[in-house]
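Data block below; observations after.
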Amino acid sequence: MKSDNLEITKEITLLKAKIPALPKRPRKNLFDILKIQHREIRNSNILAYFFDPKEDHGFDNLFFESLQAIAIEKINDIKKKHPEIKFNDISFFDEIKKVKTEEQTTGAQTKTKSIDIVLEGDNWVIGIENKIHHHLANPLNTYWAHLKSKKKIPFGILLTLFPFKISKGKLNNGNYFLNITHKELIQRVQQNIKLTDEVSDTDIFYLREYFKNIESHYFHLKHTPEMNTIVQEITENYSAINEILKKKEAAENHIESQINTVFLEHGYVKTSKWFRREDKLYDLYFFVAPASELMRTNSLWLCVEIRNHTNRDIDRAEFMEYFREQFVNSQSFQQIDLESGSQRTHAFIYQEDDFFKRENPFNEKFKKVLERLISTGNSPVKQVEKYLKERNYLFSE
4 MKSDNLEITK EITLLKAKIP ALPKRPRKNL FDILKIQHRE IRNSNILAYF FDPKEDHGFD
64 NLFFESLQAI AIEKINDIKK KHPEIKFNDI SFFDEIKKVK TEEQTTGAQT KTKSIDIVLE
124 GDNWVIGIEN KIHHHLANPL NTYWAHLKSK KKIPFGILLT LFPFKISKGK LNNGNYFLNI
184 THKELIQRVQ QNIKLTDEVS DTDIFYLREY FKNIESHYFH LKHTPEMNTI VQEITENYSA
244 INEILKKKEA AENHIESQIN TVFLEHGYVK TSKWFRREDK LYDLYFFVAP ASELMRTNSL
304 WLCVEIRNHT NRDIDRAEFM EYFREQFVNS QSFQQIDLES GSQRTHAFIY QEDDFFKREN
364 PFNEKFKKVL ERLISTGNSP VKQVEKYLKE RNYLFSE
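In structure tokens form, the structure reads like this:
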């Protein structure tokens with residue numbers, strides 16, 4: 004058995020050395036919190052807000068001029084390699100007069116669709132297909148027909164997370180939707196931004212959160228090499244990892260069994276996630292953190308609380324405050340963390356760190372803890388039961 008234990012430690016050490024750490028995910032931004040980070044319509048709405056110089060954000064034409072500059076550079080590069088490709092001259096597009104989102108189109112050959120963002124000047128119009136997801140299945144020819152129907156010089160842009168092949172934007176009439184990535188746009192905006200007194204703190208916040216949201220979409224792309232290494236190492240060591248996981252599960256089940264056994268020795272039985280007196284006297288319950296959490300943190304964490312009838316009928320604030328003071332100076336008690344609600348009210352919380360030690364098996368240490376909490380002359384549990392008995396809270400079900 005000792006040899007097996009040493010082998011597990013050896014395997015884990017070797018695997019930890021071989022497998023890189025997981026890339027740290029960026030902190031949640033406002034789009035993550037609102038769960039709209041993948042909603043293209045929401046993304047289009049905030050982009051349209053920044054594109055519109057009539058809005059009160061104070062950035063004027065920052066986004067449009069950045070987009071325009073990128074388009075001019077890309078077209079020049081494309082024409083060096085593909086002189087046959089046609090693009091209308093966007094460099095002459097001047098002041099934006101109107102910005103719309105989800106503009107309905109009536110193409111000649113397909114049913115009604117909508118363009119994500121439409122920017123219009125006096126004699127020009129830009130249609131922007133805004134893609135957060137990689138898949139492109141939009142009727143670009145219909146969009147172009149709609150833009151041309153405005154009797155203005157049309158220009159189409161595919162705004163995507165990842166670069167598309169130029170053929171993706173090709174239209175039946177030989178024109179193209181130009182592909183620009185979100186990263187290219189926000190990087191150019193960051194280069195061109197000039198913060199003045201006209202820009203409010205609120206709009207700086209909006210802009211920063213928008214940048215964070217776009218950057219978060221590139222997280223997995225940025226860390227592809229590390230993840231490729233992790234995938235390869237996991238694949239090559241899958242059997243060893245699977246064996247370790249099986250042993251981890253068996254160890255957790257063993258701890259859960261020992262917890263149940265020790266509680267039963269003290270007259271407490273498992274009821275859902277809690278332990279309650281076998282005779283059901285008092286609405287008093289133990290809750291112990293799952294074995295996986297105990298082992299992960301190398302600690303013992305449990306609480307004693309009242310539930311059901313007692314919790315509904317008793318003065319919960321008085322109960323909690325009484326026992327907060329009663330045990331606040333007791334070793335390993337965490338009375339500052341007591342909580343109360345409609346389901347339960349804590350009497351005490353017990354936490355002991357560095358609980359799993361080779362020289363002192365879990366079940367032996369756990370027995371001593373429960374003896375201290377339940378069975379000794381003036382144990383904390385007896386004090387709680389006395390409190391309830393004196394106030395005639397003796398419910399049983």
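Under our numbering, the first residue of the sequence shown carries the number 4, and numbering increases by one thereafter. Ideal Cβ positions, reconstructed from N, Cα and C, are used throughout, including at glycine. This structure is a prediction, so every number in the text was calculated from the model and none was measured.
- In the displayed model, Ala253 falls within a helix according to three-state DSSP.
- Straight through space, the alpha carbons of Ile244 and Ala253 are spaced by roughly 14 Å.
- The beta strand (DSSP E) runs lying completely inside the region 275-355 and spanning 3 residues or more are 277-280, 287-291 and 302-310, given in chain order.
- DSSP places Pro228 within a helical segment (H, G or I) once states are collapsed to three.
- In chain order, Ile247 place their CB closer than 7 Å to the CB of Ile15, counting only its own chain and leaving out the 5 sequence neighbours on each side.
- Judged by DSSP in its simplified three-state form, Leu188 adopts helix.
- A contact between stretches requires three or more CB pairs, one per stretch, nearer than 8 Å, and the region 307-314 meets this requirement with the region 332-350.
- Linking Leu181 to His60 through their CA atoms gives a straight-line distance of about 27 Å.
- Residue environment analysis places Lys134 among the buried positions, since at least 16 neighbouring C-beta atoms fall within 10 angstroms of its C-beta.
- Taking all protein chains in view, the Cβ of Leu397 is surrounded by fewer than 16 other Cβ atoms within 10 Å, so the residue is classified as exposed.
- Proximity of the region 315-328 to the region 357-373 falls short of the contact definition, fewer than three beta-carbon pairs being nearer than 8 Å.
- Beta-bridge annotation (DSSP): Gly159 is paired with Gly130 and Phe180.
- Contact between Val372 and Leu303 holds, since their C-beta atoms are separated by about 7 Å, short of 8 Å.
- Per DSSP, Ile120 is one residue of the beta strand (DSSP E) stretching across Lys116 to Glu123.
- Put simply, of Phe90, Asp97 and Ile118 the residue whose alpha carbon is nearest the alpha carbon of Gln107 is Ile118.
- If you draw a 10 Å sphere on the C-beta of Glu388, you find 16 or more other C-beta atoms in it, and that means buried.
- Here Thr145 is buried. Its C-beta has 16 or more other C-beta atoms within 10 Å.
- According to the DSSP assignment, Lys101 belongs to the beta strand (DSSP E) that extends over Lys101 to Thr108.
- Burial is judged here by how many other beta carbons sit within 10 angstroms of a residue's own beta carbon; Arg279 has at least 16 and is buried.
- Counting C-beta pairs with one atom in each stretch, the region 67-78 and the region 166-185 have three or more that are closer than 8 Å, which means they touch.
- Around the Cβ of Gly380, a 10 Å sphere holds fewer than 16 other Cβ atoms; the residue is exposed.
- With contacts defined by Cβ atoms closer than 7 Å, Val265 and Phe369 form a contacting pair.
- Excluding sequence positions up to five before and after Lys100, its CB lies within less than 7 Å of the CB of Glu123, Gly124 and Asp125, all in the same chain and listed in chain order.
- The Cβ atoms of Leu376 and Val384 sit closer than 7 Å to each other.
- In this structure, Gly130 sits near Gly159, with a CB-CB distance shorter than 7 Å.
- A residue is called buried when at least 16 other Cβ atoms come within 10 angstroms of its Cβ; Thr274 does not meet this threshold and is exposed.
- Rounded to the nearest whole angstrom, the C-alpha separation of Leu287 and Ser260 is 21 Å.
- Restricting attention to Val128, Ile120 and Lys103, the CA atom closest to the CA of Phe95 is found in Val128.
- Measuring C-alpha to C-alpha distances from Ala148 to each of Asp282, Leu174 and Phe330 identifies Leu174 as the nearest.
- Glu236 is not a Cβ neighbour of Ala294, given a cutoff of 7 Å.
- DSSP places Lys82 in the helix class (H, G or I) of the three-state scheme.
- In this structure, the alpha-carbon of Asp204 lies about 27 Å from that of Val121.
- Residue range Pro383 to Glu393 is occupied by the alpha helix (DSSP H) that includes Leu391.
- Across the structure, Lys197 and Leu65 are spaced so that their CA atoms are roughly 9 Å apart.
- Cβ contact annotation for Glu68 (same chain, cutoff 8 Å, sequence separation greater than five): Asn195, in chain order.
- Residue pairing for Lys168: DSSP places it in no beta bridge.
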